[in-house]
Amino acid sequence: MQRTGNSDKTADSEFDEEFTRFKTLEKKSDKLSKETKGYLDSIRGMTSAQTRIAQTIELFYDDGNPMGQSGADYKRVMEKLDEEARTDLDTAFRTTVLEPFGRFCSYFPEINEAVKRRQKKLLDYDTQRSKVRKLIDKPSEDPQRLPRAEQEANMAREMYENLNSILVNDLPKVVELRVPYLDPSFEALVKSQLRFAQTNYEQLEGLRRHFPPENENDQRVDNVLQQMRELTICVSTLFLRSWYAHGFSKEPEFGLGLGALGELNAASSTENETPLQATKAHFFLSLLLVASSSLLHHFFSFHRHVHRTANDSPSIQQPQTTNDV
């Protein structure tokens with residue numbers, strides 16, 4: 001017990017230590033529960049994004065393109081992985097990870113309410129003890145006031161000590177139970193991650209047959225990119241030569257719009273084209289090729305990264321345990 005001002009304040013170092021450990025557990029458990037939920041949401045977002053990418057890539061190929069089947073197979077695999085994530089992974093992860101974490105965290109509000117009741121009983125006890133001390137220091141004219149105050153102080157002390165004893169004994173048990181309670185969920189979390197990664201690897205590995213070996217593929221990509229760069233440079237030079245050849249002294253403005261398509265057709269189908277029509281047609285064609293070059297650069301770079309990652313990835317070992325998530 002320590003004195004603070006004119007009143008006595010009860011200090012319980014044993015309770016303070018156990019309560020500090022409990023608050024640490026509560027904080028970390030709540031964070032773990034939020035992070036695991038965020039993990040599942042991220043997985044769902046990733047598989048949905050993969051599906052949308054696959055649907056867009058398929059649109060790049062027509063029926064006669066040799067890579068058309070590759071785009072269709074890629075879309076089929078992404079849709080299958082997305083479906084499995086929404087059914088098997090989602091259900092198992094919620095049952096074995098999210099729900100146990102949530103139940104564990106649901107006990108914390110009850111414990112905090114018990115701590116608040118203890119704090120209230122402690123204040124009542126300190127108040128009654130302070131009254132007794134004052135009556136001892138300055139006796140009252142009523143001889144019954146001191147015995148009544150002592151009786152009330154004893155009752156307050158018993159209620160406080162009973163609740164305090166329960167918390168001091170139970171708080172360490174709650175902290176220690178975290179290990180046997182959360183271990184199965186932690187194991188389920190790791191196994192679900194392994195199963196998801198392994199399934200994705202096996203499905204994507206099946207698409208390897210659609211693509212040439214890495215060295216050959218890299219050379220092909222480099223050749224196509226070089227052709228695009230050369231084509232863009234040639235057309236851009238042709239446009240500028242045509243612009244200045246028709247007597248324009250200022251640099252061209254970039255407000256041509258989609259009307260250039262019609263002018264391009266007219267310029268290619270009639271002999272009576274005007275200089276401005278021909279120049280606009282060349283400029284619009286140049287813009288199309290520049291945009292196509294940029295798009296193909298990113299697309300082929302993405303494919304090259306995917307193939308290198310697949311070749312460099314180590315084989316995933318099967319889990320030794322047979323317990324399912």
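Under full-length UniProt numbering, the residue at position 169 of the sequence shown is numbered 169, and the numbers go up by one with no gaps. Even glycine gets a Cβ: it sits at the ideal position worked out from N, Cα and C. Quantities reported herein were computed from a predicted structural model and do not represent experimental measurements.
What is the rounded straight-line gap between the Cα of Arg118 and the Cα of Asp30? Along the sequence shown, read from residue 1 onward, the residue named residue 118 stands at position 118. Along the sequence shown, read from residue 1 onward, the residue named residue 30 stands at position 30. Looking at the two C-alpha atoms, the distance is approximately 24 Å.
Take every Cβ of the region 47-54, pair it with every Cβ of the region 67-84, and state whether three or more of those distances are shorter than 8 Å. yes
Ser140, DSSP secondary structure in three states: For the purposes of this step, residue 140 is identified with residue 140 of the sequence shown, where counting begins at 1. In this structure, Ser140 counts as coil in the three-state DSSP scheme.
Verify whether the separation of the beta carbon atoms of Gln193 and Lys80 is less than 9 Å. Translated into positions along the sequence shown, residue 193 becomes position 193. Translated into positions along the sequence shown, residue 80 becomes position 80. It is not a contact, given that the beta carbons lie outside the stated cut-off.
Collapsed DSSP secondary structure at Asn154 in the structure displayed: Numbered from 1 along the sequence shown, position 154 holds the residue referred to as residue 154. Asn154: helix per DSSP, three-state reduction.
Quick check on the burial criterion: 16 or more other C-beta atoms within 10 angstroms. Buried or exposed for Gly206? Against the sequence shown, residue 206 aligns to sequence position 206. By the 10 Å Cβ count, Gly206 comes out exposed.
Assuming Phe186 is part of the alpha helix (DSSP H), what are its boundary residues? The residue given as residue 186 occupies position 186 in the sequence shown. Phe186 -> alpha helix (DSSP H) spans Arg178 to Glu205.
Alpha carbon to alpha carbon, what distance is there between Lys116 and Asp124? Within the sequence shown, numbered from 1, the residue matching residue 124 stands at position 124. Within the sequence shown, numbered from 1, the residue matching residue 116 stands at position 116. Using only the alpha carbons, I get a separation of about 13 Å.
Buried or exposed, going by whether 16 or more other CB atoms sit within 10 Å of the CB of Leu167? As a working mapping, residue 167 is identified with position 167 in the sequence shown. Its Cβ being crowded by 16 or more others within 10 Å, Leu167 is buried.
By how many angstroms is the C-alpha of Ser165 removed from the C-alpha of Leu135? Position 135 of the sequence shown, counted from the start, is the residue given in the question as residue 135. Position 165 of the sequence shown, counted from the start, is the residue given in the question as residue 165. In a straight line, the C-alpha of Leu135 is about 29 Å away from that of Ser165.
DSSP state of Asn164 mapped onto helix, strand, coil: Here residue 164 refers to the residue found at position 164 when the sequence shown is read from its first residue. Of the three classes helix, strand and coil, the one that applies to Asn164 here is helix, per DSSP.
I'd like the span of the alpha helix (DSSP H) that includes Leu81, first residue to last. Position 81 of the sequence shown, counting from 1, holds the residue named residue 81. Taken as a continuous stretch (DSSP letters only), the alpha helix (DSSP H) holding Leu81 covers Gly68 to Glu84.
Quick check on the burial criterion: 16 or more other C-beta atoms within 10 angstroms. Buried or exposed for Glu14? Here residue 14 refers to the residue found at position 14 of the sequence shown. Glu14 is exposed by the Cβ-count criterion.
With a 10 Å radius around its C-beta and 16 neighbouring C-beta atoms as the bar for buried, classify Asn200 as buried or exposed. Here residue 200 is taken as the residue at index 200 of the sequence shown, counted from 1. The residue is buried, with at least 16 neighbouring Cβ atoms inside 10 Å.
Got a sec? Which residues, its chain only, sit under 8 Å from Val190 by beta carbon, not counting five neighbours each side? As a position in the sequence shown, residue 190 is number 190, starting the count at 1. Nothing meets the Cβ criterion.
Given Glu17, which residues of its chain have a CB within under 7 Å of its CB, disregarding the five upstream and five downstream residues? Indexing the sequence shown from 1 puts residue 17 at position 17. Excluding residues within five positions, none has a Cβ falling inside 7 Å.
Below 8 Å, how does it come out for the region 35-46 and the region 137-157: are there three or more Cβ pairs, yes or no? no
Using 10 angstroms around the beta-carbon of Leu122, count the other beta-carbons present and answer buried if the total reaches 16, otherwise exposed. Position 122 of the sequence shown holds residue 122. Buried.
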